[in-house]
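J.:
2 protein chains.
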Amino acid sequence: MDDNAVEAALARQADVVKAFKARKATKTEVQPEIDALLALKAEAAKRLKTAASRSDHFDRAALESLLAKRFFIAPSFQIYGGIAGLFDYGPPGSALQNNILSLWRQHFVLEEDMLELECTNLTPESVLKTSGHVDRFSDAMVKDTKTGDIFRADHLVKQVLTRRLDDDRQLRMGGALSDAKKAKSKAVVLERTVRDHYELVLETLDNFQGDDLTKLIRDLDIRAPETDNPVTDPVLFNLMFDTQIGPTGQFKGFMRPETAQGHFLNFKKLLEFNNDQMPFASASIGKSFRNEISPRQGLLRVREFTMAEIEHFVHPDQKDHPRFDEVRDVEMMMYSSKAQLAASGASKMKIGTAVDQGIVNNQTLGYFVARIYLFLVRIGIDPARIRFRQHLANEMAHYACDCWDAEIKSSYGWIESVGCADRSAFDLTAHSKKTGEKLVARDTLPEPIIRDALILEINKSKFGPAFKKDAKAVQGYFDALVVGSSSEWDQVKLAEIDAQLKANSFVQVTGTDGKQYKVTADMISVVQKTIKISVREYTPNVIEPSFGIGRILYALLEHSYYVRESDEQRAVFKFPASVAPIKALVAPISNNAEFSPFIKEIVASLRRSGVANKVDDSTSSIGRRYARNDELGTPFAITIDFQTVQDKTVTLRERDTIKQIRSTIPIIVEIVHNLVEGRITWEDVMAKHPAFVAQELSA
Amino acid sequence: MDDNAVEAALARQADVVKAFKARKATKTEVQPEIDALLALKAEAAKRLKTAASRSDHFDRAALESLLAKRFFIAPSFQIYGGIAGLFDYGPPGSALQNNILSLWRQHFVLEEDMLELECTNLTPESVLKTSGHVDRFSDAMVKDTKTGDIFRADHLVKQVLTRRLDDDRQLRMGGALSDAKKAKSKAVVLERTVRDHYELVLETLDNFQGDDLTKLIRDLDIRAPETDNPVTDPVLFNLMFDTQIGPTGQFKGFMRPETAQGHFLNFKKLLEFNNDQMPFASASIGKSFRNEISPRQGLLRVREFTMAEIEHFVHPDQKDHPRFDEVRDVEMMMYSSKAQLAASGASKMKIGTAVDQGIVNNQTLGYFVARIYLFLVRIGIDPARIRFRQHLANEMAHYACDCWDAEIKSSYGWIESVGCADRSAFDLTAHSKKTGEKLVARDTLPEPIIRDALILEINKSKFGPAFKKDAKAVQGYFDALVVGSSSEWDQVKLAEIDAQLKANSFVQVTGTDGKQYKVTADMISVVQKTIKISVREYTPNVIEPSFGIGRILYALLEHSYYVRESDEQRAVFKFPASVAPIKALVAPISNNAEFSPFIKEIVASLRRSGVANKVDDSTSSIGRRYARNDELGTPFAITIDFQTVQDKTVTLRERDTIKQIRSTIPIIVEIVHNLVEGRITWEDVMAKHPAFVAQELSA
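Read top to bottom, the protein sequences are chains A and B.
Residue numbering for the first sequence follows this note's numbering, beginning at 1 and increasing consecutively.
Residue numbering for the second sequence follows this note's numbering, beginning at 1001 and increasing consecutively.
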């Protein structure tokens, strides 16, 4: 087996063990699988050690140092010591993100006529209470009992057990522990059963919550790694940043943890804007905020990040998509929950097949999965490192009923970068119930239905004066008894109310404000009428593709980074021209004054075509300047030399082939424009124009 | 005099009074001017009453209802009752804002090779303490002593005095008070001296702060308007939203009140990215947050808003601008502080003249003033309603040394929409002093200077061990004694230190951490050396154009809104095509199936050209659909009718002339594309193509 095969076998075996656990298999059943997993892990570790000394593994440290050097990103407030989990984007990082977002708008919003929205970051508590975030959007944390240092509980367990297993392995292999480890470590050789138990816990860590997690931390004597002090029992920490809105302190608010709620709250206005036509999608690009307990992994787990979210509102029973045929043949790695449980690994599949076979629940979900895949590939993510993984039932968010994550592989492993969830009617229903505002769409029936039914009539002249300012809250209770459409009432409930009115001359109801009200028989009555139903109301379902732009951007950086083996090792980002921060370098071969008018002409001409460019007329050698721009991922360089002064031609260099052609300024500018717009490829250009071999020209 | 002349005279006279106050003129001097002002006010009020019944005054209520109806904007969280000062942008509002921002990027960032940045909203307290915002970014507020209702103090004084004056005027004119006013009002006729005093206070309200404001509120018996209860003494309320970063509560943070600080903190990285070349500018678009005490005036005073800020870093003595000649002849209304004090009114002036005459301090500031003007006009702001007003010395922000505001006139009056401030070296100096990090640029001298000078030498082998982790803080003290460049020390200070070392064998210094340290003679020494200075360090000055995008967008909405007098009054937004949310409506004359392929062809073709379009194939009449798109400000409509099926021609309608032409689909699409890109005008199109008179075609 080569290294990849070992890794694949290991991943498969981990899945097998996971699947056994998920099925609550007995220990005897699962033991042989764990043994196999351990053997593979040992083999993989050995190979990794060898690989580390080879040059072809991913050198993350080199990438990170380049990102800092060229100011793609930097820790925020660095001169003040920085704050974990907050990053600034410098000029190339910021341009890269803008270009990704601009392609996102083209690919989704414009292409699909989505309704773009911009909602506020500040969000009052009441909204996030309804959405479930106030109660459920939290992680468990523990404290070092002496220093007060704080850890995210699951990360700590993972860290401690992983180290115990590592120490054990090294001791058993007779290896010496590193100095750093010796310092505080109480490294011991573990019993086989203990080892197995640790492996089991690590594989199923996501399942430990609440009391289970508390017990786990106590039983395994999990301690703070640096101090070896005991830790407290885990407590839940809500991940939202809170604040007060207004000077009185009466409005508690949060910075939103997702952009989605703004779409739901505006549903009625959006539907109206769309001329009451369903289905439709809203889209929003903006910041979200999560107060991570211990941010790590650079851009992958941060406290403030850009999201791009789509909420596609659709009839619950009509999830076919009119444009599905356009994507039917798009093929990608799919990793269904069934495949995960059967531990059969991800497999290449056409989205058409996946939907036909019911692996993906419906065409709309499938359509978005395919469109997400096409988007990621379009901006430069390596297609071989994209897979769509379906959530297992127990990992689904509180609002979701089906979910496929686009995971992108980087040196951190497979990272969830786009979620594509069917949130069903969860949010619209919850907000509607809380506010008494109907959040529904209407469907005209092919044939009107005529039938007898109970309806409730309110005697406004009694009802209003009786409840005054509470009238809306009381009426809300009755409004909620309307099902389907405005003339259809919950027949069972109305019969109950009718019976109570007849028996007691009143009913006791709970208003939408949570208070109890007594409604008397002179205010309401239940009557039998013949009704005609031609329109039916329904609460739309929501299919939500949600993009973590920072994670996608980071993956793009890793996938685009390579080192060119030449006289010196030079780093290059092979961004597609459409996302590259700068499209063209304009460089005179030296800072001779004769070149200035040509620089001006080229820059003006590129600007007219909307091609972002950068003049570098510094005194560095032209090779040095090319290298600097390779590090920024600039795909094209236009160079002015002494021949330009004679015949007005310039050279055009392409970043990855480092081949050049030569032609007049207007032709070169047009070629660059067409390359950036994706109308032609560099191969097309090379086929038409002879390669130019740069001559050394004296300055 | 016509109405405009009265208004102009009134504005001039208000300025005269303001100027007298600013000069601290005596009461006798100022009285005749106040009398004149009152007379003009009375006249203006009378005319306003007449004007209100005419149709040509600005109907803000109609605009607001259209903005809600077409979902340009909406109060956030409306179904939860809303939160004052927070607004969501619906599809047309969001597209309008995106288009404004995209033109902003073109006009400033791309055109000037600015370095775009994206920094976090979350900001730690330490940063905003240094910048002065923690201590000084606040407004005075008072509370109703019984209900606890909160008012911004200056707004309350203005409201109460204005009402007393109004009541007085009505009573003196023998008019009846409105019912609403009668309810709680204690309307009385005022003594002439009281009236004058109130007028004086209103004119100079900005000058009342701290104890003066407290005294004013007590002396004038300012009370809560609804309840007539007394109010508390004013207290300062900081306008920043605070939160905790991380789970331990040790990092107090704020949502940033401006984007500028992120630029300053990254100055060193930006300069390095720019190959150490000065001057340069950074630019950033993002949200800022201000917890207004009582938000009002719609989009003009909100709690969360989009800013676009530029920080142009420049040598303090080299503020000429290489591209100034390009804007020298740009002419606009300028209202200098001198003109304000002399009460001579704003006047039309070329920016070249303004700089030449020293009215605008330097070319760089002047260049940006002109560029801001050109930007505002480009996006559709009425040039006649733009003026640049220089801040008076007493209204400058704590960091600014000169400031010109672009004010735009709307129905709310002249509103500051872009600030263009010279922040001098305030921020870089403050952050550098606080963190010990040098935030300087370097300038090569034409001739090196060679001279004898005192320098300080640190004996590292003693110094480091003596202070251990505090060494950096102590060294910071000495680093701050370096002036100009790395080899130039503050000679006076060094002489002092030398004297103390010789006298006591130690000096007492304050480290950058604020603590006191004793530095002994074995750790440092002051020596005389011959130094060669070829490079000089300096702290750059910062010129900051800062755009309130929401305010500009609101002004654009008002300036673009008009009502077309036709069979029915129809509202239109005459946005320039470049900022219009949707560029082209695509509408079949009826929903006949034969039209579908043409719709598809046109849409695909527009999309390829990047022209945002919208199909409206609803069953509404074509006139109704045109009207709907006039309300969205869509400049062009392409209509498919039965003739299209025969000869593949379509009509093109322009929004403001409501003229149409007819041609083939490719030609029409190309015309629209060229119109949107600004390459041709509708007049050009009309000159070339005969006007098409729509025929009534049966469906």
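Cβ coordinates follow ideal geometry from the N, Cα and C atoms, glycine included.
Would you say A:Ala699 reaches chain B, if we count a Cβ-Cβ gap shorter than 7 Å as a contact?
T.: Legend: pLDDT at A:Ala699 = 34, less than 50; position of this residue unreliable, value from coordinates given subsequently. It does not; no Cβ of chain B falls within 7 Å.
J.: Got a sec? Which residues, its chain only, sit under 8 Å from B:Lys1158 by beta carbon, not counting five neighbours each side?
T.: Around B:Lys1158: Leu1202 and Leu1205.
J.: Going by the DSSP bridge assignment, what does A:Ala587 pair with across the sheet?
T.: Paired residue(s): A:Thr639.
J.: Run through DSSP, which three-state label would B:Gly1633 get?
T.: DSSP places B:Gly1633 in coil when its eight states are reduced to three.
J.: Between the Cα of A:Val542 and the Cα atoms of A:Lys319, A:Met333, A:Pro581 and A:Pro295, which residue gives the shortest distance?
T.: Selected option, being the one with the closest Cα: A:Lys319.
J.: Any beta carbon from chain B within less than 7 Å of A:Thr681's own beta carbon?
T.: No, A:Thr681 does not count as interfacial toward chain B.
J.: Starting from B:Gln1097, trace the alpha helix (DSSP H) in both directions and tell me its first and last residue.
T.: Element bounds for B:Gln1097: Pro1091 to Trp1104.
J.: Taking 8 Å as the threshold, find out whether the segment 575-591 of chain A comes into contact with the segment 614-628 of chain A through three or more Cβ pairs.
T.: Cβ pair count under 8 Å is three or more, so yes.
J.: With DSSP run on the structure shown, which of helix, strand or coil describes B:Phe1208?
T.: In this structure, B:Phe1208 counts as coil in the three-state DSSP scheme.
J.: What residues match up with B:Asn1541 in a beta bridge as DSSP calls it?
T.: Per DSSP, B:Val1314.
J.: Identify whether B:Leu1171 lies in helix, strand or coil by the three-state DSSP scheme.
T.: Correct three-state label for B:Leu1171: helix.
J.: Buried or exposed for B:His1312, please, with buried defined as at least 16 other CB atoms from any protein chain shown within 10 angstroms of its CB.
T.: Buried, because 16 or more other Cβ atoms sit within 10 Å of the Cβ of B:His1312.
J.: Count the other C-beta atoms from every protein chain shown that fall within 10 angstroms of the C-beta of B:Thr1306, then say buried if there are 16 or more, exposed otherwise.
T.: So B:Thr1306 counts as buried.
J.: Could you give the residue range of the beta strand (DSSP E) that holds B:Met1686?
T.: Note, B:Met1686: premise wrong, no beta strand (DSSP E); alpha helix (DSSP H) at Trp1682 to Lys1688.
J.: Any Cβ of chain A within less than 7 Å of the Cβ of B:Ile1083?
T.: True, the Cβ-Cβ gap to chain A drops below 7 Å.
J.: Which chain A residues sit within Cβ distance under 8 Å of B:His1107?
T.: Within 8 Å Cβ-Cβ: nothing; B:His1107 doesn't reach chain A, min ~11 Å.
J.: Run down chain B in chain order and give the residues with a C-beta less than 8 Å from the C-beta of A:Leu115.
T.: Those within 8 Å of A:Leu115 in chain B are Gly1090 and Pro1091.
J.: Checking contacts by CB at 7 Å: is B:Pro1124 closer than that to chain A?
T.: It does: the Cβ of B:Pro1124 has a partner Cβ on chain A nearer than 7 Å.
J.: For B:Ser1126, I'd like the list of residues in its chain whose CB is within less than 8 Å of its CB, leaving aside the five on either flank, ordered along the chain.
T.: Taken in chain order, the residues that qualify are Lys1434.
J.: State the DSSP-derived secondary structure class of B:Pro1581, mapped to helix, strand or coil.
T.: Here B:Pro1581 sits in coil by DSSP.
J.: What in chain B is Cβ-close to A:Pro234, meaning under 9 Å?
T.: Correct list: empty, because the minimum Cβ distance to chain B is about 12 Å.
J.: Thinking C-alpha only, which one of A:Arg451, A:Lys468, A:Tyr562 and A:Trp489 is nearest A:Ile531?
T.: Checked all of A:Arg451, A:Lys468, A:Tyr562 and A:Trp489; the closest Cα to A:Ile531 is A:Arg451.
J.: Which residues in the same chain have their Cβ closer than 7 Å to the Cβ of B:Ala1183, if we skip the five residues on either side of it in sequence?
T.: Summary for B:Ala1183: the model assigns pLDDT 48, below 50, so the residue's position carries little reliability; its value from the coordinates is reported in the next sentence. Excluding positions up to five away in sequence, the list is empty.
J.: Does the Cβ of B:Lys1338 have 16 or more other Cβ atoms within 10 Å, making it buried, or fewer, making it exposed?
T.: Answer is exposed; the Cβ neighbour count stays below 16.
J.: Can you tell me whether B:Val1526 is buried or exposed? The criterion is at least 16 other CB atoms within 10 Å of its CB, across all chains shown.
T.: Its Cβ being crowded by 16 or more others within 10 Å, B:Val1526 is buried.
J.: Buried or exposed for B:Ala1005, please, with buried defined as at least 16 other CB atoms from any protein chain shown within 10 angstroms of its CB.
T.: So B:Ala1005 ends up on the exposed side.
J.: State the CB to CB distance for the pair B:Ala1260 and B:Glu1544, rounded to an integer number of angstroms; the pair is presumed to be in contact (CB under 8 Å).
T.: Between B:Glu1544 and B:Ala1260 the Cβ distance is about 6 Å, and since that is below 8 Å, they are a contact.
J.: Compile a chain-ordered list of the residues in the segment 1070-1081 of chain B whose CB is closer than 8 Å to at least one CB of chain A.
T.: Going along the segment 1070-1081 of chain B in chain order, one finds Arg1070, Phe1071, Ala1074, Ser1076, Phe1077, Gln1078, Ile1079 and Tyr1080 with a Cβ nearer than 8 Å to chain A.
J.: Please check the pair B:Gly1082 and B:Pro1075, which I expect to be a contact at CB under 8 Å, by giving their CB distance rounded to whole angstroms.
T.: At roughly 4 Å, the Cβ-Cβ gap stays under 8 Å, so B:Gly1082 and B:Pro1075 are in contact.
J.: Any idea what DSSP makes of B:Phe1575, helix, strand or coil?
T.: Here B:Phe1575 sits in coil by DSSP.
J.: Looking at the strands, I want to know which residues DSSP matches up with B:Pro1075.
T.: Looking at the DSSP assignment, B:Pro1075 forms a beta bridge with B:Phe1087.
J.: Please compile the residues from chain B whose C-beta is within a distance smaller than 8 Å of the C-beta of A:Pro247.
T.: Correct list: Met1141, Ile1150, Phe1237, Asn1291 and Ile1293.
J.: Chain B beta carbons: is any one of them nearer than 7 Å to that of A:Lys438?
T.: Not an interface residue.
J.: Report the option in A:Val563, A:Thr26, A:Glu191 and A:Ser288 whose CA atom is closest to the CA atom of A:Leu66.
T.: Considering only alpha carbons, the answer is A:Val563.
J.: How far does the alpha helix (DSSP H) with A:Phe324 in it reach, from first residue to last?
T.: Looking at the DSSP string, the run of the alpha helix (DSSP H) that includes A:Phe324 is Phe324 to Val327.
J.: Against chain A, with Cβ distances strictly below 7 Å, would B:Phe1375 count as a contact?
T.: Cβ-Cβ to chain A under 7 Å: no for B:Phe1375.
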